[in-house]
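J.: Next up is a structure, given as structure tokens.
Chains as they are written, first to last, in our numbering: chain A, 5 to 399; chain B, 5 to 399.
Structure representation (structure tokens):
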């Protein structure tokens with residue numbers, strides 16, 4: 005499989021390369037410090053110590069206690085554990101069976117809600133969003149019922165980058181004593197994650213979104229939040245998530261998270277400037293192009309668009325031939341031919357939603373990368389439109 | 005934290021060091037081939053290709069189709085998915101709510117069964133075992149009811165090493181059309197895993213038990229077996245396990261599994277000889293010592309004992325001071341002070357079960373390692389007995 009000589013990676017929302025410093029931090033835990041963290045001998049205690057240190061690092065960044073951190077295998081597991089774990093625990097305590105979420109969640113939340121409805125008799129309210137994919141906190145307030153057991157709204161959308169009013173929603177949830185979960189997988193490494201400022205009880209993260217390894221995530225669970233373990237077995241993670249701990253991965257996650265927040269301000273400033281250059285350039289050079297997501301309340305690295313009359317997939321293939329990695333939306337639903345549920349929820353017509361493109365910047369991107377995209381993208385869109393039966397000029 | 009100059013690692017059932025060849029195979033997937041396997045550009049296709057190749061390798065060893073392999077985050081997840089996934093799918097289809105398992109399963113199975121009973125109204129039959137921890141297939145046959153939806157019996161016990169008559173149990177399950185799961189986590193890398201010979205529908209593996217990385221496992225699921233996904237979200241793993249794939253870990257798992265089976269015959273022969281030397285030496289040199297588990301139908305690497313009048317924990321601490329890593333039973337329950345449920349199920353009295361020691365050999369162990377243990381262990385046991393109020397000589 006040939007890869008173009010120069011790759012411009014603009015899909016950091018899908019995944020990131022592991023930072024070499026993270027690889028180095030993980031290295032000793034493969035062949036030397038390989039002990040099982042549950043074992044009592046020195047080799048095991050070494051592993052347990054590494055885990056404790058990683059847990060403290062993560063807790064420090066989230067402004068919580070180390071014991072409120074559960075290490076998981078990915079953001080999807082964190083979301084699933086938050087939703088299933090709270091829903092089943094709450095129902096067992098007789099609290100009810102109603103869940104509130106938004107209509108623009110990652111599938112790890114929305115499909116879990118759908119399964120809880122279909123197989124486990126929960127009722128779910130999917131809140132609408134405005135044209136910028138923003139949830140209105142007043143809608144949350146109105147949706148709350150006496151039997152509401154959980155509210156879950158993502159911190160920032162993975163497709164269009166819109167940042168939600170999490171703290172406000174959290175305050176509303178807490179007024180009513182309802183646990184509040186946020187999927188912060190896309191926000192991790194970029195936005196502040198103080199769980200008290202955000203008024204959240206559960207928060208999901210995934211290491212591979214912030215230059216850590218794939219296969220490891222975090223679920224923060226505020227002390228006292230009802231949670232039924234969804235992976236039972238040994239007493240790992242205070243009986244909330246069984247399974248021999250992925251020590252190397254956990255060390256990698258903590259190292260990556262710390263690196264991200266040690267340099268968040270300057271990285272965000274630099275990447276936001278690139279994003280603005282990219283957005284401005286695209287909108288100026290391509291007719292019938294529309295920025296998707298909120299114009300200002302958006303992730304520093306997200307530039308997402310819809311281009312009328314063409315298919316996002318075709319753009320991607322053309323970009324790939326030029327060595328540019330991009331996405332039409334979520335990598336997790338790239339096998340699907342359906343238009344994005346996020347774009348549809350924003351009121352974008354299905355035929356327009358098909359023409360979506362998500363460019364997500366990262367640490368290694370430069371102005372030259374952005375300018376190269378701006379140089380080639382207008383031509384690609386134009387060429388595809390020339391071939392499109394939908395394009396007015398072709399009718 | 006100081007580690008003794010020379011470590012003799014005899015806890016391979018808890019975890020293993022990653023084989024350097026496995027580390028090397030994973031290496032490119034951190035910083036170079038870091039694509040998301042769901043992405044359509046070349047970097048993503050490279051990752052998807054690596055996953056496909058790993059899946060084919062595992063399928064080859066299990067004698068199944070690649071699409072019957074689900075990559076998970078560990079053995080515990082595999083067990084949980086097998087039990088929960090089949091139980092809920094079967095009940096949804098109106099098949100019933102009765103599960104059959106043994107009384108010597110790993111907690112990933114037994115605690116999951118207990119939660120299914122307590123929170124989800126399933127009924128579970130826990131089959132007894134004989135004094136060697138062996139399940140009688142006739143007991144399985146007798147326990148089957150019209151509403152039995154799943155049978156789960158481990159391939160080999162993690163504490164005492166007894167190998168179960170899986171093929172026979174599988175045939176009985178299949179006569180009645182009941183899905184049969186086996187937790188093969190301890191057997192992986194050592195015993196043959198032909199899913200057709202074993203007559204199993206679901207089989208769990210964990211990479212870190214066979215010199216692969218922690219944080220990655222396998223669940224084999226025979227085509228047509230009802231399974232409700234327990235981690236919903238993206239369409240990964242054919243919608244049976246959502247979450248961005250841990251490409252490096254999966255490549256590591258497949259590499260480790262292949263290395264294990266390429267050399268299983270010679271490794272097993274060498275390790276079995278060491279085990280016999282160890283068992284013989286212990287029984288000859290230490291009075292009131294008893295081998296636990298089956299004398300011949302046992303894992304090649306497992307030498308497990310009970311020593312009357314003393315605590316297993318105390319033995320471990322003394323061994324650790326001499327640089328010997330061992331376990332009193334399962335690493336996953338080492339935080340517990342309860343005697344092993346496996347030893348109790350075998351009819352060993354609680355006060356004797358407290359004096360358990362598990363020595364599990366591995367590739368790097370030598371005759372010198374075994375002889376060193378045989379040199380120091382009798383003295384440790386003697387010393388502890390001198391201090392024990394239970395020891396008849398002290399009364």
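Note that beta-carbon positions come from the ideal geometry of N, C-alpha and C, so glycine has one too. As the structure is a prediction and not an experimental result, all values here were calculated from the model.
1. Using the three-state DSSP reduction, which class does residue 88 (chain A) fall into: helix, strand or coil?
2. Tell me whether residue 100 (chain B), by its Cβ, gets closer than 6 Å to a heavy atom of the ligand MG.
3. Under 8 Å: do the stretch 277-295 of chain B and the stretch 304-317 of chain B share three or more Cβ pairs, one atom per stretch?
4. With distances taken from CA atoms, which of B:133, B:241 and B:205 is nearest residue 67 (chain B)?
5. Quick one, which of B:113, B:243, B:28 and B:198 has its alpha-carbon nearest residue 80 (chain B)'s?
6. Go through its chain and collect everything with a Cβ distance to residue 99 (chain A)'s Cβ below 6 Å, but skip five positions before and after it.
7. How should residue 55 (chain B) be labelled, buried or exposed, when 16 other C-beta atoms within 10 angstroms of its C-beta is the threshold for buried?
8. Is residue 276 (chain A) close to chain B? Criterion is C-beta to C-beta, closer than 7 Å.
9. Could you tell me whether any Cβ in chain B is nearer than 7 Å to the Cβ of residue 320 (chain A)?
10. Can you name the residues of chain A whose CB is closer than 8 Å to the CB of residue 78 (chain B)?
11. What beta strand (DSSP E) runs, 3 residues minimum, are completely inside the stretch 107-161 of chain B?
12. Applying a beta-carbon distance threshold of less than 9 Å, which residues of chain B neighbour residue 329 (chain A)?
13. Could you tell me the boundaries of the beta strand (DSSP E) in which residue 364 (chain A) lies?
14. Residues of chain B with a CB under 9 Å from the CB of residue 402 (chain A): which are they?
15. Kindly list, in the order they appear in chain B, the residues whose Cβ is closer than 7 Å to that of residue 27 (chain A).
16. List the endpoints of the continuous beta strand (DSSP E) containing residue 294 (chain B).
17. Would the stretch 225-236 of chain B and the stretch 190-203 of chain A be scored as touching if the rule is three or more Cβ pairs under 8 Å?
18. Do you know how far the Cα of residue 131 (chain B) is from the Cα of residue 361 (chain B)?
19. For residue 324 (chain A) and chain B, any beta-carbon pair shorter than 7 Å?
20. Three or more beta-carbon pairs under 8 Å between the stretch 74-91 of chain B and the stretch 267-274 of chain B, yes or no?
21. Is the separation between the beta-carbon of residue 108 (chain A) and that of residue 133 (chain A) shorter than 7 Å?
22. Tell me which residues share the same chain as residue 374 (chain B) and place their Cβ nearer than 6 Å to its Cβ, disregarding the 5 neighbours each side in the sequence.
23. Strictly below 7 Å CB to CB, what residues from chain B border residue 123 (chain A)?
24. How would you list, in chain order, the residues of chain A whose beta-carbon sits under 7 Å from the beta-carbon of residue 21 (chain B)?
25. What residue does the beta strand (DSSP E) around residue 185 (chain B) start on, and which one ends it?
26. Just to check my reading of the structure: residue 175 (chain A) and residue 203 (chain A) have Cβ atoms closer than 8 Å, yes? What is that Cβ distance to the nearest angstrom?
27. Contact between the stretch 28-43 of chain A and the stretch 254-261 of chain A is defined here as three or more beta-carbon pairs at a separation below 8 Å; is this criterion met?
28. Roughly how many angstroms separate the alpha carbons of residue 61 (chain B) and residue 40 (chain A), rounded to a whole number?
29. Nearest chain A C-beta to residue 71 (chain B) closer than 7 Å, yes or no?
30. Can you list the beta strand (DSSP E) stretches of 3 or more residues lying completely in the stretch 168-235 of chain B, in chain order?
31. What are the uninterrupted segments assigned as alpha helix (DSSP H) that are 4 or more residues long and contained completely in the stretch 36-77 of chain B, given in chain order?
32. Measuring CB to CB, does residue 92 (chain B) end up less than 7 Å from residue 232 (chain B)?
33. For residue 219 (chain A), would you say it is in contact with chain D, using Cβ-to-Cβ distances shorter than 7 Å as the test?
34. How many angstroms separate the CA atom of residue 399 (chain A) from the CA atom of residue 316 (chain A)?
35. Identify every residue that forms a DSSP beta bridge with residue 13 (chain A).
36. Report buried or exposed for residue 146 (chain B), applying the criterion of at least 16 other Cβ atoms within 10 angstroms of its Cβ.
T.: If we stick to the structure as given:
1. Residue 88 (chain A) falls in the helix class under three-state DSSP.
2. As far as ligands go, the structure on display features none, and thus does not contain the ligand MG.
3. Contact holds: three or more Cβ-Cβ distances are below 8 Å.
4. Closest by alpha carbon: B:205.
5. Selected option, being the one with the closest Cα: B:113.
6. A distance below 6 Å between beta-carbons, with the five flanking residues on each side excluded, links residue 99 (chain A) to the following residues of its chain, in chain order: 153.
7. Around the beta carbon of residue 55 (chain B), a 10 Å sphere encloses 16 or more other beta carbons of the protein chains shown; the residue is thus reported as buried.
8. No, its Cβ sits nowhere closer than 7 Å to a Cβ of chain B.
9. Yes, residue 320 (chain A) lies at the interface with chain B (some Cβ there is under 7 Å from its Cβ).
10. The answer, in chain order, is 77, 247, 248 and 250.
11. Segments of the beta strand (DSSP E) lying fully in the stretch 107-161 of chain B: 127-131 and 152-156.
12. 39, 43, 45, 46, 47 and 48, listed in chain order.
13. Note, residue 364 (chain A): beta strand (DSSP E), 360-364.
14. An answer regarding residue 402 (chain A) cannot be provided, because it is not within the stretch 5 to 399 covered by chain A.
15. Within chain B, the residues 34 and 35 have their CB atoms less than 7 Å from the CB of residue 27 (chain A), given in chain order.
16. Start and end: 293-295.
17. A contact between stretches requires three or more CB pairs, one per stretch, nearer than 8 Å, and the stretch 225-236 of chain B fails this requirement with the stretch 190-203 of chain A.
18. Their backbone Cα atoms lie some 25 Å apart in a straight line.
19. Answer yes: the Cβ-Cβ gap between residue 324 (chain A) and chain B drops below 7 Å somewhere.
20. Taking one beta carbon from each stretch, the stretch 74-91 of chain B and the stretch 267-274 of chain B have fewer than 3 pairs nearer than 8 Å; the two do not touch.
21. The Cβ atoms of residue 108 (chain A) and residue 133 (chain A) sit closer than 7 Å to each other.
22. Only 278, 281 and 282 meet the Cβ criterion.
23. Residues of chain B passing the Cβ test: 92, 96 and 232.
24. Ordered by position in chain A, the residues that pass the 7 Å Cβ test against residue 21 (chain B) are 35 and 38.
25. Note, residue 185 (chain B): beta strand (DSSP E), 184-187.
26. So it is a contact: roughly 5 Å between Cβ atoms.
27. Flag = yes, the stretch 28-43 of chain A and the stretch 254-261 of chain A touch.
28. Counting only the Cα atoms, residue 40 (chain A) lies some 27 Å from residue 61 (chain B).
29. Using beta-carbon distances, residue 71 (chain B) does not count as an interface residue toward chain A, since no partner is under 7 Å.
30. Listed in chain order, they are 184-187, 206-210 and 221-225.
31. Entirely contained in the stretch 36-77 of chain B, the alpha helix (DSSP H) runs reaching 4 residues are, in chain order, 46-66.
32. Against a cut-off of 7 Å, the Cβ pair of residue 232 (chain B) and residue 92 (chain B) comes out as a contact.
33. Protein chains in the displayed structure are A and B, and chain D is not among them.
34. Here the alpha carbon of residue 399 (chain A) sits roughly 21 Å from the alpha carbon of residue 316 (chain A).
35. Residue 13 (chain A) pairs with A:329.
36. Of the other Cβ atoms in all chains shown, fewer than 16 fall within 10 Å of the Cβ of residue 146 (chain B); this residue is therefore exposed.
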